[in-house]
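Protein chains in written order, with the numbering used here: chain A, 256 to 623; chain B, 638 to 1012.
Even for Gly, the Cβ is constructed at its ideal location relative to N, Cα and C.
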Amino acid sequence: MNNLATNIASPESALPQHESFIVGPDDRILITGAAGFIGSRVLQSLLDRGFRNLVCFVRPSSETAGIETMVERRPAGSEIEVRSGNLLSRADCEAAVKDVAVILHLAAGTGEKSFPDAFLNSVVATRNLLEATLRFRSLRRFVLVSSFAVYSNREKPNGRILDESCPVDEHPELRGEAYCFAKVRQEQLVGEYGKSAGIPYVLVRPGSVYGAKGDITGRVGIGAFGPFLHLGGSNTIPFTYVENCADAIVLAGLVKGVDGEVFNVVDDDLPSSRQFLRLYKKSAKNFKSIYVPHSVSYALCYLWEKYSKWSHGQLPPVFNRRRWHTDWKKTRYSNEKLKTKLGWKPRISTAQGLRRYMEACRRDGRHA
Amino acid sequence: MGDMLKVGIVGCGKIADFHALQIQRIAGCEIVGVCDREPLMAKQLYERFPVKQYFTDLAELLDTARPDVVHITTPAESHFDVARFCLEQGCGVYVEKPFTLYAEEAERLVNLAEAKRVKLTVGHNDQFSHVARRMRALVEGGYLGGAPVHIESYYTYDLGDPSYARALLGDKNHWVRRLPGKLLQNVISHGVARIAEFMTSDSPQVIAHGFVSSLLKQIDESEIVDELRVIIAEAGGTTAYFTFSSQMKPPMHQLRLYGPKNGLILDQDHEILIRLRGQKFKSYADMFIPPALFAKQHLGNLLTNFRLFLGRDFHMDSGMKYLIESFYRSIREGTPVPISYREILRTARIMDSIFEQLNPNRSQDHFAVQPQQVH
Chain A
256 MNNLATNIAS
266 PESALPQHES
276 FIVGPDDRIL
286 ITGAAGFIGS
296 RVLQSLLDRG
306 FRNLVCFVRP
316 SSETAGIETM
326 VERRPAGSEI
336 EVRSGNLLSR
346 ADCEAAVKDV
356 AVILHLAAGT
366 GEKSFPDAFL
376 NSVVATRNLL
386 EATLRFRSLR
396 RFVLVSSFAV
406 YSNREKPNGR
416 ILDESCPVDE
426 HPELRGEAYC
436 FAKVRQEQLV
446 GEYGKSAGIP
456 YVLVRPGSVY
466 GAKGDITGRV
476 GIGAFGPFLH
486 LGGSNTIPFT
496 YVENCADAIV
506 LAGLVKGVDG
516 EVFNVVDDDL
526 PSSRQFLRLY
536 KKSAKNFKSI
546 YVPHSVSYAL
556 CYLWEKYSKW
566 SHGQLPPVFN
576 RRRWHTDWKK
586 TRYSNEKLKT
596 KLGWKPRIST
606 AQGLRRYMEA
616 CRRDGRHA
Chain B
638 MGDMLKVGIV
648 GCGKIADFHA
658 LQIQRIAGCE
668 IVGVCDREPL
678 MAKQLYERFP
688 VKQYFTDLAE
698 LLDTARPDVV
708 HITTPAESHF
718 DVARFCLEQG
728 CGVYVEKPFT
738 LYAEEAERLV
748 NLAEAKRVKL
758 TVGHNDQFSH
768 VARRMRALVE
778 GGYLGGAPVH
788 IESYYTYDLG
798 DPSYARALLG
808 DKNHWVRRLP
818 GKLLQNVISH
828 GVARIAEFMT
838 SDSPQVIAHG
848 FVSSLLKQID
858 ESEIVDELRV
868 IIAEAGGTTA
878 YFTFSSQMKP
888 PMHQLRLYGP
898 KNGLILDQDH
908 EILIRLRGQK
918 FKSYADMFIP
928 PALFAKQHLG
938 NLLTNFRLFL
948 GRDFHMDSGM
958 KYLIESFYRS
968 IREGTPVPIS
978 YREILRTARI
988 MDSIFEQLNP
998 NRSQDHFAVQ
1008 PQQVH
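Following this line, the structure appears as structure tokens:
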């Protein structure tokens, strides 16, 4: 965190200018999940763009040392309020959104296996936030940070491009992933408030966000059964470096004329799963992996799904064909819309990003 | 009561999922309605399970869906009020653990159930896992050679789980902190109930010692007692030790029963039951034959677990399914409830006594205030 400013500092001229934004530098901007992996970079990205009136909403249990450091080192004339609270409390939400012009909503229930927990911390929390904004009517845009997990990716043939026009999973409850279910319902909720209450919103769907920390994404493979099973093969991995992703989220909240739009976030020059794994073994830590061809991984997902159903859930349906289509089907990705409509450019190239990631993995002794 | 037993669930959070999963595996019943004050939570449960309707008002659930039995999966603070309301309306009630906050509340619910002639149970499902049922069968068959002389129950809880520990310890308003027994109240009832099952007196003597672990002290936690040692004794002579720990490794959920003739060890985590032979072999034979017999027993446990898995009967919550099925049978057929009311009350009194000793100044004002609004 201490090196954040130097890591991502870039010439102000390279950043989109304020005349193309819906708010000015003194308008109040709220970041939920501000203490998180992406949230702290979002805060830095806003500071880089000269925004001076920022509210960081964090959970009482969040580690806030990183944000506190940023507050201490903030540019002269800028205000950063760190507000501790719970989005499940309507009172906390109302206090947080007062006079806010833009909300960048990153807080979510992540990593939870429980559907109700993920739903509560994503959907109910979002509803509370949206309801609170209706009281003050100062909001000019609500940005929901969603995920690639919402796409079904079932209808397209192998290797086709997944872009913003692709359908969202109609039955996320069948994916066996609490996170996916919560994210789909969260997006639907925001859309409903957009229609019924006229709240201007933008949906941002990042791919696999990585940085100088983080595990190997499940799109590459899984190590849950002992040896690392390499499932990605020649698939492109939809990486986005955390600072690049943060920039996209910030621009989605600022740029004029994009209300109601959806933006996928992936970087340029994406590696294949095989390239990534090879680099990891060479640069970070060598370990044994077993390649599982796509036809075999599909068959295994099919068998797991059938067994789960036949056994009435003796094994939970965490591997199934729906998940295979989303995570392991050969797919290409586009960031064209992000570039043309938001003027986004990745600050960190994929080569740079991967180098930083590998260095951090080597330093931490992390491996799959 | 028609052909299908009509089931309602109140409280649509995490634990409600476990109930819905098991209920849908049981023949002859249907979930006619789920209820949560938060409409989004009620709706999400309704969407993911075969549920007929969802409600945000308990009275409306009971009036409209007319369940024969209601599962209460709300936070512990509301168990008493919700259960009382359902019992008053003539529904059978399954209350998640902890049954109530105070033993007096437990007594009032049991009295009400008996007065209304409806059935009541508590979610001590660990006692109905395959291995626990095998142990019970041995005890009932006289394997111990009489009433237990001594019982030991170990129940550990890994606070290292980052999501729970962070939420619990970081949030000073977490609902667990509002319970009279705080964290302990939410987690120890399974381990205490295992002891209560094999005791006979209504109010055994309890000596409790609890403290905040050094790990929690390091992070400036002073309220949450996460280490507990209890001695329980009854007039008949049976004694018990109950150990709860967040720090002990390996984590374990074990029950040890020692009778006048033989003993038994139940290892819940690995679904293992070991018989401890009271008789010794002669001389060196006692060092060679018992290890072989133990190895044979472990192999037997392995084969049993494997057979259950192949037979699609080794779910993580098999105990819950068995308990629910037994409870439903008691409602339909008038058979005894799976957990006796005396055992429910004994568990509640032991827990009450523990929390009184850990916190002598705990508020009893609960009984002086108006009941919570339940709908």
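For the putative contact between residue i and residue j, defined by C-beta atoms under 8 Å, what is the C-beta separation to the nearest angstrom?
{"i": "residue 585(A)", "j": "residue 594(A)", "result": "Not quite, the Cβ-Cβ distance comes to about 24 Å (not below 8 Å), so this is no contact."}
{"i": "residue 957(B)", "j": "residue 736(B)", "result": "Contact doesn't hold; Cβ gap of about 15 Å is too wide."}
{"i": "residue 888(B)", "j": "residue 795(B)", "result": "5 Å"}
{"i": "residue 322(A)", "j": "residue 298(A)", "result": "7 Å"}
{"i": "residue 438(A)", "j": "residue 377(A)", "result": "7 Å"}
{"i": "residue 534(A)", "j": "residue 613(A)", "result": "7 Å"}
{"i": "residue 679(B)", "j": "residue 790(B)", "result": "Not quite, the Cβ-Cβ distance comes to about 36 Å (not below 8 Å), so this is no contact."}
{"i": "residue 637(A)", "j": "residue 310(A)", "result": "Here chain A has residues from 256 to 623 only, and residue 637(A) is not among them."}
{"i": "residue 419(A)", "j": "residue 536(A)", "result": "Residue 419(A) to residue 536(A), Cβ: 34 Å. No contact."}
{"i": "residue 588(A)", "j": "residue 525(A)", "result": "7 Å"}
{"i": "residue 913(B)", "j": "residue 899(B)", "result": "6 Å"}
{"i": "residue 651(B)", "j": "residue 344(A)", "result": "With a Cβ gap of about 19 Å, residue 651(B) and residue 344(A) do not count as contacting."}
The beta strand (DSSP E) that contains residue i, what's its start and end?
{"i": "residue 655(B)", "result": "First-last for residue 655(B): 651–660, but that is the alpha helix (DSSP H), not the beta strand (DSSP E)."}
{"i": "residue 729(B)", "result": "729–732"}
{"i": "residue 352(A)", "result": "Premise fails: residue 352(A) lies in the alpha helix (DSSP H), 345–352, not in any beta strand (DSSP E)."}
{"i": "residue 311(A)", "result": "308–313"}
{"i": "residue 546(A)", "result": "544–546"}
{"i": "residue 338(A)", "result": "334–339"}
{"i": "residue 736(B)", "result": "From DSSP, residue 736(B) is part of no beta strand (DSSP E); its letter is neither H nor E."}
{"i": "residue 671(B)", "result": "666–672"}
{"i": "residue 535(A)", "result": "Premise fails: residue 535(A) lies in the alpha helix (DSSP H), 528–538, not in any beta strand (DSSP E)."}
{"i": "residue 513(A)", "result": "Run containing residue 513(A): none; DSSP gives neither H nor E here."}
{"i": "residue 274(A)", "result": "Looking at the DSSP string, residue 274(A) is not in any beta strand (DSSP E), and its letter there is neither H nor E."}
{"i": "residue 676(B)", "result": "From DSSP, residue 676(B) is part of no beta strand (DSSP E) but of the alpha helix (DSSP H) over 676–685."}
{"i": "residue 460(A)", "result": "456–461"}
{"i": "residue 287(A)", "result": "284–287"}
Over what stretch of residues does the alpha helix (DSSP H) that includes residue i continue unbroken?
{"i": "residue 891(B)", "result": "Here residue 891(B) belongs to no alpha helix (DSSP H); instead the beta strand (DSSP E) covers 890–895."}
{"i": "residue 294(A)", "result": "294–303"}
{"i": "residue 828(B)", "result": "826–834"}
{"i": "residue 446(A)", "result": "433–452"}
{"i": "residue 716(B)", "result": "716–725"}
{"i": "residue 956(B)", "result": "955–970"}
{"i": "residue 321(A)", "result": "320–327"}
{"i": "residue 646(B)", "result": "Here residue 646(B) belongs to no alpha helix (DSSP H); instead the beta strand (DSSP E) covers 642–647."}
{"i": "residue 709(B)", "result": "No alpha helix (DSSP H) holds residue 709(B); the beta strand (DSSP E) holding it covers 706–709."}
Requested in this report: Give a yes or no on contact between the region 748–766 of chain B and the region 722–729 of chain B, applying the rule of three or more CB pairs nearer than 8 Å.
Outcome: Because the criterion of three Cβ pairs below 8 Å is met, the region 748–766 of chain B and the region 722–729 of chain B touch.
Query raised in the report: How about the region 653–672 of chain B and the region 381–392 of chain A: do they share at least three Cβ pairs that are nearer than 8 Å?
Result: No: the two stretches stay apart, fewer than three of their Cβ pairs being nearer than 8 Å.
Report task. May I ask you to verify whether the region 683–698 of chain B touches the region 982–989 of chain B, counting CB pairs closer than 8 Å and requiring at least 3? Result -> The region 683–698 of chain B is not in contact with the region 982–989 of chain B.
**Report entry** Contact residues within the region 675–687 of chain B, judged by C-beta distance below 8 Å to chain A
**Finding:** For chain A, the residues of the region 675–687 of chain B that bring a beta carbon within less than 8 Å of one of its beta carbons are 675, 677, 678, 681, 682, 684, 685, in chain order.
Requested in this report: Spell out a yes or no on whether the region 574–589 of chain A and the region 555–565 of chain A are touching, meaning 3 or more CB-CB pairs, one atom from each, closer than 8 Å.
Outcome: As far as the Cβ criterion goes, the region 574–589 of chain A touches the region 555–565 of chain A, which means the pair count is three or higher.
Query raised in the report: Any residues in the region 645–679 of chain B with a beta carbon nearer than 9 Å to a beta carbon of chain A? Which ones, in chain order?
Result: If you check each beta-carbon in the region 645–679 of chain B against every beta-carbon of chain A, the ones closer than 9 Å belong to 649, 650, 651, 652, 653, 654, 658, 661, 662, 675, 677, 678.
Report task. Run through the region 472–500 of chain A for me and flag every whole beta strand (DSSP E) of 3 or more residues, listed as ranges in chain order. Result -> List check, beta strand (DSSP E) in window: 483–485, 494–496.
Requested in this report: Give a yes or no on contact between the region 596–612 of chain A and the region 640–651 of chain B, applying the rule of three or more CB pairs nearer than 8 Å.
Outcome: The answer is no - the region 640–651 of chain B does not touch the region 596–612 of chain A, with fewer than three Cβ pairs under 8 Å.
Query raised in the report: Taking a cut of 8 Å between CB atoms, which residues from the region 363–380 of chain A lie near chain B?
Result: Answer in chain order: 366, 367, 369, 370, 371, 372, 374, 375, 378, 379.
Query - Residues of the region 275–306 of chain A with Cβ closer than 9 Å to any Cβ of chain B, in chain order - result: So nothing in the stretch comes that close.
Report task. Give, in chain order, every unbroken run of the alpha helix (DSSP H) that is at least 4 residues long and sits entirely within the region 556–607 of chain A. Result -> DSSP runs (the alpha helix (DSSP H)) wholly in the region 556–607 of chain A: 576–582, 591–597.
Query raised in the report: Which residues, in chain order, does the region 566–583 of chain A contribute to contact with chain B at a C-beta distance below 7 Å?
Result: Answer in chain order: 566, 567, 568, 569.
**Report entry** 3-residue-minimum beta strand (DSSP E) runs that sit fully inside the region 846–926 of chain B, ordered along the chain
**Finding:** Counting whole runs of 3 or more residues, the region 846–926 of chain B contains the beta strand (DSSP E) stretches 864–870, 876–882, 890–895, 900–904, 909–913.
Requested in this report: Say whether the region 485–500 of chain A touches the region 424–432 of chain A, bearing in mind that this needs 3 or more beta-carbon pairs closer than 8 Å, one atom from each stretch.
Outcome: Under the 8 Å Cβ criterion, the region 485–500 of chain A does not count as touching the region 424–432 of chain A, having fewer than three qualifying pairs.
Report task. Run through the region 356–431 of chain A for me and flag every whole alpha helix (DSSP H) of 4 or more residues, listed as ranges in chain order. Result -> Counting only runs of 4+ residues, the alpha helix (DSSP H) found wholly inside the region 356–431 of chain A occupies 370–374, 380–391, in chain order.
**Report entry** Stretch pair the region 393–401 of chain A + the region 348–362 of chain A: three plus CB contacts closer than 8 Å
**Finding:** Contact holds between the region 393–401 of chain A and the region 348–362 of chain A, because three or more Cβ pairs, one in each stretch, are under 8 Å apart.
Requested in this report: Please list the residues of the region 969–1003 of chain B that have a C-beta atom closer than 9 Å to any C-beta atom in chain A, keeping them in chain order.
Outcome: Residues are counted here when their Cβ sits less than 9 Å from a Cβ of chain A; for the region 969–1003 of chain B the count is zero.
Requested in this report: Note down, in chain order, all residues in the region 887–914 of chain B with a beta-carbon under 9 Å from any beta-carbon belonging to chain A.
Outcome: From the region 887–914 of chain B, no residue has a Cβ closer than 9 Å to chain A.
Query raised in the report: Are the region 756–772 of chain B and the region 859–876 of chain B touching, with three or more C-beta to C-beta distances below 8 Å?
Result: Contact annotation: the region 756–772 of chain B does not touch the region 859–876 of chain B, with fewer than three C-beta pairs closer than 8 Å.
**Report entry** Three-pair Cβ contact test at 8 Å for the region 535–547 of chain A versus the region 917–932 of chain B
**Finding:** When Cβ pairs closer than 8 Å are counted between the two stretches, the region 535–547 of chain A is seen not to touch the region 917–932 of chain B, the count staying below three.
Query raised in the report: Looking at C-beta atoms only, is the number of pairs between the region 302–317 of chain A and the region 806–818 of chain B that lie closer than 8 Å three or more?
Result: Taking 8 Å as the limit for Cβ pairs, the verdict is that the region 806–818 of chain B does touch the region 302–317 of chain A.
Query raised in the report: Does the region 504–520 of chain A touch the region 459–475 of chain A, meaning 3 or more C-beta pairs lie closer than 8 Å?
Result: The region 459–475 of chain A is in contact with the region 504–520 of chain A.
Query - Selection of the region 402–435 of chain A by Cβ proximity to chain B, strictly under 8 Å - result: Close to chain B, meaning a Cβ-Cβ distance shorter than 8 Å, are the following residues of the region 402–435 of chain A: 428.
Query - Segment contact flag, the region 961–969 of chain B with the region 843–857 of chain B, C-beta cutoff 8 Å, min 3 pairs - result: Touching, no, given that fewer than three Cβ pairs across the two stretches are closer than 8 Å.
Report task. Identify every run of the beta strand (DSSP E) within the region 737–816 of chain B, keeping only runs that are complete inside it and at least 3 residues long; order them along the chain. Result -> For the region 737–816 of chain B, whole beta strand (DSSP E) runs of length 3 or above, ordered along the chain, are 757–759, 787–793.
Query raised in the report: Between the region 310–326 of chain A and chain B, which residues of the former have CB atoms less than 8 Å from a CB of the latter, in chain order?
Result: Here the close residues are 314, 315, 316, 317.
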